Amino acid sequence: MQYVSTRDVSTSYMASQAIIQGLAPDGGLMTPFYIPKLPGKALEDLKSMSYQHRAVYIMKQFLEEFSVKELTDFAAAAYGPEKFDTPAVAPVRSLDGNTHCLELWHGPTCAFKDMALQMLPHLLTASLTKREEEKTVCILVATSGDTGKGALEGFKDVPHTRIMVFYPRDGVSQVQELQMVTQEGNNVGVTAVRGNFDDAQSGVKRLFSDGELRRTLADRGFFFSSANSINWGRVLPQIVYYISAYCDLLRDEKIAPGQTINVCVPTGNFGNILAAYYAREMGVPIGKLICASNSNNVLTDFIRTGVYDRKRPFHNTMSPSMDILISSNLERLLFALTQDTQEVKQYMEQLNASGRYEVRKPILERLQKLFQGYCCDDRETQRVIGEVYRQHDYLIDPHTAVAFSALDQYRKESGDDTPCVVVSTASPFKFCDNVLGALGVTEVAQGLDALDQLSAKTGLPAPAPLSSLRNKEIRFTRTVEKENMVDAVLSMLV
Ligand SMILES: *Cc1c(COP(=O)(O)O)cnc(C)c1O
1 MQYVSTRDVS TSYMASQAII QGLAPDGGLM TPFYIPKLPG KALEDLKSMS
51 YQHRAVYIMK QFLEEFSVKE LTDFAAAAYG PEKFDTPAVA PVRSLDGNTH
101 CLELWHGPTC AFKDMALQML PHLLTASLTK REEEKTVCIL VATSGDTGKG
151 ALEGFKDVPH TRIMVFYPRD GVSQVQELQM VTQEGNNVGV TAVRGNFDDA
201 QSGVKRLFSD GELRRTLADR GFFFSSANSI NWGRVLPQIV YYISAYCDLL
251 RDEKIAPGQT INVCVPTGNF GNILAAYYAR EMGVPIGKLI CASNSNNVLT
301 DFIRTGVYDR KRPFHNTMSP SMDILISSNL ERLLFALTQD TQEVKQYMEQ
351 LNASGRYEVR KPILERLQKL FQGYCCDDRE TQRVIGEVYR QHDYLIDPHT
401 AVAFSALDQY RKESGDDTPC VVVSTASPFK FCDNVLGALG VTEVAQGLDA
451 LDQLSAKTGL PAPAPLSSLR NKEIRFTRTV EKENMVDAVL SMLV
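Sequential numbering from 1 applies to the sequence shown in full-length UniProt numbering.
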């Protein structure tokens, strides 16, 4: 299996190179040259396997350089009982005969980022060994919440790695901050930056491009890498759970062999729904891919009109992990739909220069055959949390609620009642205040006490990784000015 840049197919790379580099030298995204098809009876075979074995089977199709033994060890470590609170790993919970919720928040940080960030460190360190890289990799992350904690948990105490996370001091929730500053592990660092997420993010970008810093680090035996969602090592583990969900539905006789399902995904950077597209390409009978957005609805407009226009107001919503106006992974879909790197490059250059591009008519037609886009605002999000709870006695977080709203709109508009897998991306306990509000509670408790309040209201236990934050020691208290982030890195890499 060869990997190429979405902007140039003339150079090909091995999977290990794609995973180490993240981005291609021309700025494109490293992407498989073709998507392998599952053999005819693969879904039948996978049906009786554990999640871990399904992961090995599916990832192996893309990773020739990695042995089955290696991948088996990775899957056992990434998705084992110390990490996930259910042996199913990514269980499917059926709300009615044709509405099935795929729960991706049973990992150590209670958000779907764990599905990939538990696997990525294994893929990355093995790739470094295969490329005979002897330096220690230093992962730098700027986070507005879920990614930072997910990456810290994934990389903690992984040999030959260090990880440093920067978060905006006043830009994350209290629970999210506690999750990060209590992080355990001997190779981790967490630093608050005075400023907002953009300050932290542009600070990290500066560190990456600081030639002098790179040389200093190389002398000390380190080099920089990134764990953000455009890395192929993050997209690949996400394909697994779509195939796994289909196999669960088959196994539990909720669908018949070959029967078509739709999927509905709460979307930000387009990584999660892209993995669903790849699962479809591999041969899973997926009909429509329903792309759900909050008020930052740039993708809804794109799917409806073919115009991608990021020049619009940015909204801070109650589904913050979807507050994104540049969905980076969309570039991989454009590559698949156009099969033309020159065309992809032009669109990306236009986006860079003017904040906008419009795809050609045949590309829009291909897009609309596969995708439907819907969006909703915060009021609708809260309404849906309350409605799903009352109708199905099932508690969902605000991101997942955006997907339920989209599915509702799709079904009303199309009359299509094909069984649908709705992707649930976070535990509702991560967003207690808005969830309590949706259930009609007006006086919401402060900080971690809101966990107890939501438990008392619903009878559900708070996930252990969140309730145990109370007893954790605070390990990181440093705040730096955005100009001084380099000091935090240098003091850690000695
Ligand atoms: C990251 C995230 C999303 C968005 O996923 P993308 O792959 O960026 O589209 C949705 N919900 C939650 C809870 C997330 O953390």
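All C-beta atoms, glycine included, are put in the ideal place defined by N, C-alpha and C.
Predicted model, so just to flag it, every value in this text is computed and none were measured.
{"Check": "Can you tell me which of the three DSSP states Gly189 falls into?", "Outcome": "strand"}
{"Check": "For Val92, which beta-bridge partners are listed by DSSP?", "Outcome": "Leu102"}
{"Check": "Would you mind working out which of Ala462, Asp248, Cys375 sits nearest Arg304, comparing C-alpha positions?", "Outcome": "Cys375"}
{"Check": "Which residues in the same chain have their Cβ closer than 6 Å to the Cβ of Ala308, if we skip the five residues on either side of it in sequence?", "Outcome": "Just to set this straight, residue 308 is Tyr in the shown sequence, not Ala. Excluding positions up to five away in sequence, the list reads Phe302, Tyr357."}
{"Check": "I'd like to confirm something about Thr267: is its beta-carbon nearer than 8 Å to some heavy atom of ligand 1, or not?", "Outcome": "yes"}
{"Check": "Output the distance between the C-alpha atoms of Arg280 and Lys37, rounded to the nearest integer angstrom.", "Outcome": "9 Å"}
{"Check": "Among the candidates Glu153, Met115, Gly145, Pro159, whose CA atom is the shortest distance from the CA of Thr136?", "Outcome": "Pro159"}
{"Check": "Between Thr31, Ser50, Gly28, Gln61, which lies nearest to Met282 when the distance is taken from Cα to Cα?", "Outcome": "Gln61"}
{"Check": "May I have the straight-line CA-CA distance separating Arg379 from Gln409, to the nearest angstrom?", "Outcome": "15 Å"}
{"Check": "Taking Leu451 and Ala462 to be in contact with their CB atoms under 8 Å, please state how far apart those CB atoms are, rounded to whole angstroms.", "Outcome": "4 Å"}
{"Check": "I want to check one thing, is the minimum distance from the CB of Gly271 to the heavy atoms of ligand 1 below 8 Å?", "Outcome": "yes"}
{"Check": "Regarding His392 and ligand 1, is the C-beta to nearest heavy atom distance less than 8 Å?", "Outcome": "no"}
{"Check": "Where does the unbroken beta strand (DSSP E) through Gln372 begin, and where does it stop?", "Outcome": "371 to 375"}
{"Check": "Could you work out which residue in Glu70, Phe224, Asp8 is closest to Gln339 when comparing CA atoms only?", "Outcome": "Asp8"}
{"Check": "Let me make sure I understand the geometry here. Which of Val489, Ala488, Lys361, Phe429 has the alpha-carbon closest to that of Ser468?", "Outcome": "Phe429"}
{"Check": "Going by C-alpha to C-alpha distance, which of Leu337, Pro108, Gln342, Gly97 sits closest to Leu274?", "Outcome": "Leu337"}
{"Check": "What first and last residue would you give for the beta strand (DSSP E) that runs through Asn262?", "Outcome": "261 to 266"}
{"Check": "Check whether the segment 247 to 264 touches the segment 316 to 329, taking contact to mean three or more Cβ pairs, one atom from each stretch, closer than 8 Å.", "Outcome": "no"}
{"Check": "Under the assumption that Val193 contacts Asp199 (Cβ atoms under 8 Å), give the Cβ distance between them as a whole number of angstroms.", "Outcome": "6 Å"}
{"Check": "Kindly indicate the opening and closing residues of the alpha helix (DSSP H) around Phe62.", "Outcome": "Element bounds for Phe62: n/a, residue is neither H nor E."}
{"Check": "Mind checking who Cys110 pairs with in its DSSP beta bridge?", "Outcome": "Bridge partners of Cys110: none, in fact."}
{"Check": "If I follow the unbroken alpha helix (DSSP H) through Asp309, where does it start and stop?", "Outcome": "First-last for Asp309: 307 to 309, but that is the beta strand (DSSP E), not the alpha helix (DSSP H)."}
{"Check": "How do the segment 176 to 187 and the segment 238 to 249 stand: do at least 3 beta-carbon pairs fall below 8 Å, yes or no?", "Outcome": "no"}
{"Check": "Could you give the distance in angstroms between the alpha-carbon of Ser225 and the alpha-carbon of Tyr394?", "Outcome": "40 Å"}
{"Check": "Output needed for Ala111: all residues of its chain with C-beta closer than 6 Å, excluding positions within five of it in sequence on either side, in chain order.", "Outcome": "Trp105, Asp146, Ala426"}
{"Check": "DSSP beta-bridge partners for Arg194?", "Outcome": "Glu481"}
{"Check": "In three-state DSSP terms, what is Leu460?", "Outcome": "coil"}
{"Check": "Just to confirm, does Lys113 get its C-beta within under 8 Å of one of the non-hydrogen atoms of ligand 1?", "Outcome": "yes"}
{"Check": "Enumerate in chain order the residues of its own chain whose CB-to-CB distance from Lys361 is below 8 Å, with the five nearest sequence positions on each side excluded.", "Outcome": "Gly306"}
{"Check": "Is it true that the segment 68 to 75 meets the segment 49 to 57, where meeting means three or more beta-carbon pairs spaced less than 8 Å apart?", "Outcome": "yes"}
{"Check": "Per DSSP, what kind of secondary structure is Thr31 in: helix, strand or coil?", "Outcome": "strand"}
{"Check": "Taking DSSP as the reference, what is the three-state secondary structure of Val494?", "Outcome": "coil"}
{"Check": "If you follow the alpha helix (DSSP H) that Phe476 is in, where does it begin and where does it stop?", "Outcome": "No alpha helix (DSSP H) contains Phe476, which DSSP labels as neither H nor E."}
{"Check": "Using a threshold of 8 Å, is the CB atom of Asn186 nearer than that to any non-hydrogen atom of ligand 1?", "Outcome": "no"}
{"Check": "Should Ile324 be listed as close to ligand 1, given that the test is whether its C-beta is under 8 Å from any heavy atom?", "Outcome": "yes"}
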